[in-house]
Amino acid sequence: MEIKLLTEHYSKNEFQGLDGYKKNGGYAVLPKALKMEPKAIIEEVKASGLRGRGGAGFPTGMKWSFLPANNEPRYLLCNADEGEPGTFKDRLMMERAPHQLIEGMIISAFAIGSKKSYIYIRGEYDYSKAVVKKAIDEAYKAGFLGKNILGSGFDHDMDIYSGAGAYICGEETGMISSLEGLKGQPKLKPPFPAVQGYLRKPTIVNNVETLAAVKYIIRDGAAAYKKHGTEKSAGTKLFSVSGNVVKPGNFEVPLGISLKDIIFNICGGLKPGRKLKAVIPGGSSAPVLTEAEAMKVTMDYEALAQMGSMLGSGAIIVIDDSNSMVDILQTTMHFYHHESCGQCTPCREGTGWLSKIMHDILDGHAEVKDIDLAIKISQQMMGKTICALSDAAAMPAISFLQKFRSEFEQHLAKTSHKSGDHHHA
Amino acid sequence: MPKVKINGKEVEVAAGSTIIQAFKASGQEICHYCWHPGLSVAGVCRLCMVQIEGMPKLQIACNTEVKEGMVINNTSPMVKETVQWGLDFHLINHPLDCPICDQAGECGLQDQYMQFGKYDPQMAEAKVKKHKVIDLGPTVVLDSERCILCSRCVRFTDEVSKTNELGIFNRGDRSEIGCVEGKPLNNNYSLNTVDICPVGALTSKDFRFRQRVWYLKEADSICPGCSTGCNVKVSYNEEGLWRIKPRENKEVNGHWMCDTGRDSYKFVNLKARLLAGKIGKRDSWQDVAVADAARSAGLKLRETVEKHGADSVALVLTGQYTNEEYADILKFFTGTLKSKNVYHWLNNPEKVNEFDGLLFRGDRNPNTKGLEAAMKNSGAAAGPTSGKWETLQSQLASKKVKVVLVAGPENQATFPDLNEKIKMLQQAETLVWMTAGHNATLDQAGSETWQIPLKTYIEKAGSFTNFQGKVQSFKAGTTIVPQALTLSEAAMLLSGHDIDWNLRPKGLGGPKTNYSITQRGTL
Amino acid sequence: MSTAFTLSKEAEEFVKSELKRYETTYSAIIPSLFRVQKEKGWVPPEAVPHLSGIMGIPEAHINEVLYFYTMFNKKPVGKFHVQVCTNISCSMNGGRELANALCKHYNVKDGEISGDGKVTVSRVECLGSCGTAPMMQVNDQYIENLTPELAIKKLKELGA
Amino acid sequence: MSLVKRPNATAEWFLPGIIFGLWFTLKKMLWNLFNQKKMPTLNYPEEKYEYGPRFKGNHVLTVKKDGSIRCTACMLCATNCPAQCIKITAAESNDPSVEKYPIAYEIDVLRCVYCGFCEEACPVDAIRMGPEWQTAALNGSKFTYDIQQLAYRPQLKGGIVSVLDEKERHQAGI
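Protein chains in written order, with my numbering: chain A, 1 to 425; chain B, 426 to 948; chain C, 949 to 1108; chain D, 1109 to 1282.
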């Protein structure tokens, strides 16, 4: 069952504008938050158990508390560079309720003491950029942004920044590089962004959904928020369901809901006559689940981790038996090859190599031993690079090749003779 | 000073240093490409992986600071496998054109693969094709396929030369180093990018294809290009010098040197050199043995002093000789000849104090400071006496000075006023010109002239005093013209003494030719 | 060099205002390149030295940014730049067939400009519209839930 | 240990030995006269012996399909040569796909020991030891073979094509 906390008013068109937003309870939490102690807000967020909704699932309150206690200017960056294949929730949130994000951001900025924030929106989301920009202008006019917000003495400026087509800019340090006007290449850690981020100043990067949720935590209190979800995975989450389901789309559900429930109840199940084959539970980087695994897993950070997969950005891609896993893995590997920033050698060369092997397997130019080689390459790419893109490419490769090995072998047996001799010989 | 244990060996390193520096300090091997001590940390080659006790994941040594009591190793099977695969990742798209690659023999990929490699290449797919033979500028050629994108050269132009010509364009395995059309890699430090390139992607136009590096030997020396006195190593073989590379010295030049300094091997090679003593004037030159030329010149000098007094001779010195040589020649001149008529020939007085902010200085002599000090010590004169040229000029015009003894510039290109000054000095009845190279203006001499070949900086031991007053001594590297004299030897011969000819180094034989064949007669 | 390449006055003003908008002048590179693309349809290589002159940022840095991001067209494109997503969800729902059909209809290969100079069809990675697959982006506009026939019809309506 | 037999009386009396020798020669001569085709010797220089294809004779520099020299001037042969008889001077080609090529390649065949290390060292099949073995010349200088001699001498009929083609290799991505 869906719980509409963040998405309560999303069906109303007026919610996009300032007036409609205010009519539906908008900017009612901000005055309350501005009267609180910033530390109290951080404690509240900590207590709520809110975890980053962008993919890594790092506890938000904890992240905020890593900021050094000094008077250096600090930045709040909203990560709206939604690039993970299968994810389209941030776009919905920005287009339907830009003010909800802005309000959440002002509260968060107040909590961490930031005077400047940026919303980094992926370049392709042209409409989102326009909507958010308009909303920011409205908020400035209404006095929610700028100097001395609502007479609290708190100043805050907000701006949007457009990406220009790079998946890697969704990685927080990659995004910071991009915002600094450089190539969007992730930076070495340490130092972590909370210590030295944007322009080498303390910086907090949070996902759209995370920042929007902050508003509801302050509105209802941590305890109320924590009521949704499980013990360690608190709150609600937007899942973007795509692939072979009858009713794809974004659905807000409490964490801990069973995947079966999402696919068969909320999304109306598969098309008639089709059988579930596999599910990618957290965007293309998440290891794939077989049908049996998908039928028993619940959608929270711990259960998925136990299953060897991850919740990621909450993008559920449902794959039925009409699809070839070889084809899907090839598409995925092509994507990571295309998006690798080219900084670290294992990722730069490994993604290219995997992509070529997958292409060869698809075309029947490969042998069975290439499957083992691909697994070996993937293992050597894991945890060897600056950012997690290398892992993101390696994890699906390993899971696809291990869990659906027989399908790959059958594909090779079927196709390996059609091409005649090739350069392997 | 934290103490760490590296592969079981305890080392103490300065606080704040990284693990890779601790490895270097402990003298242990660690595989790496992108890290360079003179540049910022990029951490992209992912080869300096080490295992630290208490950390689940491998860490890169170049970006991890040492902490007291860290236990580090890079010999565990896990690290070894990672490095092997890391090297394989570097090599899968690297062309196997070592035969035509100039880096072969001093290539990071070759050396480190031999030491740490997997020896089992599994890449069967086609390699990524990139651009080859790209002209980056007047000095450097790029081969993108060979590039392993360590970004050292880009960091160099960003951080050291601050000229920002280079960038890495595109992304993933399509990335290529390059310049933007209209802004080539054209600065006085461009060739350092070639030095720091761990593979053969960047090659020097000057050195490219001229020698295989395994035929070359190396000798340490001091660059004579300017008063900075960069520490260098010179590559040579029996045919002569081929290139100059910087040698690390934190106090003087760091890891770098300028492109101008790299040219200071050209005047050392045989083609530019004076090979025998020459006595006479225009159209009547006579080649004589070097020792005879020096002895007869000495005789002439001493006779002149006897006849016309000590002021009838003059000594002109340039700042391109060693401190020891200055002492000897000044001892001869002020002691034996009892003359104080010594002049310091400073080539470009108006530019002496120029400095480009990094290394290159306007004073294009390696030992101006040393010469000034030597002149002061000998009691001849003090300070740069460019102003005193008028005195010499008037003395020459009035024929008061009859014989001028000159230790001319070794690197003639640094003296823009060379020909003009030679003509002026030729006003003397006799000019005794000692230098390493030949000179066309000198060959047109109208008056009696001695030309005595001297040795260059690489052929002798000695010391230079650089602009900081730092005395840097160096050893003889190789011998190009064995018969040439050092200024000290010349001073001995000029004063009528002999030198121990047995102690002098022999030449290295000259260019390799199949000469024995052509000398065999017809049957 | 920059002699042959010029930008409109408004664009130059825009670049100058963007330089002041962000905390660092470098941040203005992406918006400026977008502006050039808006004006010229693509970013010609001559734009880089030109922008470098206005912005006071080394050419190599601007070029790095230009080549890093895929949304900048390094080659001229047609008036309608049709980008078809062929990532997982879209290709599962016929994204590739859509791209092939469009290529066939306009008689172009991937990334080419059609004969009349109007259309370029490119296959791109995920555009964040997976729930409404397959989809295409025509210039800045998302058009979703497509079939080949519907896509061609929609493009016709737009004037391609 | 070998024992030397001291000559005894019969051995010292040499006339039977001479008669045996003359008889043996006559026998062979008569046999040869009637069996000329079975004769093991050749009438050099009218007749010449054909060596096997693996015979290591005079060096050949192979050429590419377009007739230009295959050698890339990597100097591995010169480095590997135990007699140090190879001298190469490299230069940069105007054709970027060639890059490096030799402007001079000299082998001093009088110094060469015909060991074949050069062809083993060669990474691109640029030098081979050919089947030729007649190296007589009237002048000492004729024994320094240059590119003209090594690659394009008349016996090679326009040059031997190398098995490795750089362009093909590059296109295949090797």
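Here a beta-carbon is modelled for each residue, glycine too, at the ideal position from N, C-alpha and C.
When Cβ-Cβ separations below 8 Å define contact, residue 460/B makes no contact with chain A. Scanning the stretch 222-279 of chain A for uninterrupted alpha helix (DSSP H) segments of 4 residues or longer gives 222-227, listed from N- to C-terminal end. Fewer than three beta-carbon pairs drawn from the stretch 430-442 of chain B and the stretch 640-656 of chain B are found closer than 8 Å, and the two stretches are therefore not classed as touching.
One finds nothing in chain D with a Cβ atom closer than 8 Å to the Cβ of residue 471/B; even the nearest lies about 24 Å away. If you ignore the 5 residues before and after residue 862/B, its C-beta comes within less than 7 Å of the C-beta of 692, 697, 698, 699, 837, all in its own chain and listed in chain order. Rounded to the nearest whole angstrom, the CA to CA distance from residue 801/B to residue 735/B is 19 Å.
Taking 8 Å as the CB threshold, residue 1147/D stays off the interface with chain B. Using a C-beta cut-off of 8 Å, the stretch 297-305 of chain A makes no contact with the stretch 1035-1054 of chain C, since fewer than three inter-stretch Cβ pairs fall below that distance.
Within chain A, 124 have C-beta atoms less than 7 Å from the C-beta of residue 1075/C, given in sequence order. Leaving aside the five residues that flank residue 770/B on each side, the residues in its chain whose CB is nearer than 6 Å to its CB run, in chain order, 741, 743. With contacts defined by Cβ atoms closer than 8 Å, residue 211/A and residue 105/A form a contacting pair. Interface annotation, residue 1198/D: in contact with chain B, CB-CB separation under 8 Å.
At least one CB atom of chain C sits nearer than 8 Å to the CB of residue 241/A. Approximately 5 Å separates the beta-carbon atoms of residue 570/B and residue 520/B; this is inside 8 Å, confirming the contact. The stretch 609-620 of chain B makes contact with the stretch 578-594 of chain B: 3 or more CB pairs, one atom from each, lie closer than 8 Å. No Cβ-Cβ contact shorter than 8 Å links residue 1082/C with residue 1098/C.
Distance from the Cα of residue 45/A is smallest, within the candidate group 218/A, 295/A, 306/A, 29/A, for 218/A.
For residue 1190/D, no CB of chain B lies under 8 Å from its own CB, so it is not counted at the interface with that chain. When the five nearest sequence neighbours on each side are left out, the beta carbons in the same chain lying within less than 6 Å of the beta carbon of residue 850/B are those of 829, 856, in order along the chain. For residue 986/C, the secondary structure class from DSSP, reduced to helix, strand or coil, is helix. In this structure, the alpha-carbon of residue 795/B lies about 32 Å from that of residue 713/B.
Within the stretch 812-847 of chain B, the beta strand (DSSP E) runs of at least 3 residues that lie entirely inside it are, in chain order, 828-832. Of 391/A, 378/A, 253/A, 321/A, the smallest CA-CA separation from residue 233/A is found for 253/A. Taking every protein chain shown into account, the CB of residue 1197/D has fewer than 16 other CB atoms within 10 angstroms, so this residue is exposed.
Secondary structure at residue 684/B: helix, using DSSP grouped into helix, strand and coil. Taking 9 Å as the cut-off between beta carbons, the residues of the stretch 614-637 of chain B near chain D are 630, 633, 634, 635, 636, 637, in sequence order. Residue 1078/C has a beta carbon lying within less than 8 Å of a beta carbon in chain A.
Listed in chain order, the positions of the stretch 500-514 of chain B with a beta carbon within less than 7 Å of a beta carbon of chain A are 507, 510, 511, 514. Contact between the stretch 1226-1237 of chain D and the stretch 1173-1185 of chain D is present, with at least three C-beta pairs closer than 8 Å.
Counting along the chain, residue 609/B sits inside no beta strand (DSSP E), nor does DSSP assign it H or E at all. With contacts defined as CB atoms closer than 8 Å, residue 325/A and residue 404/A qualify as a contacting pair.
Residues of chain B whose Cβ lies closer than 7 Å to the Cβ of residue 1183/D are, in chain order, 637.
Between residue 644/B and residue 663/B, the alpha-carbon positions lie close to 13 Å from each other.
Sequence-distant partners of residue 152/A (beyond 5 residues in either direction) whose C-beta falls short of 6 Å from its own C-beta, in its chain, are 34.
Under the Cβ criterion (8 Å, minimum of three pairs), the stretch 314-333 of chain A does not count as touching the stretch 489-500 of chain B. Distance from the CA of residue 1101/C to the CA of residue 1052/C, rounded to the nearest whole angstrom, comes to 14 Å.
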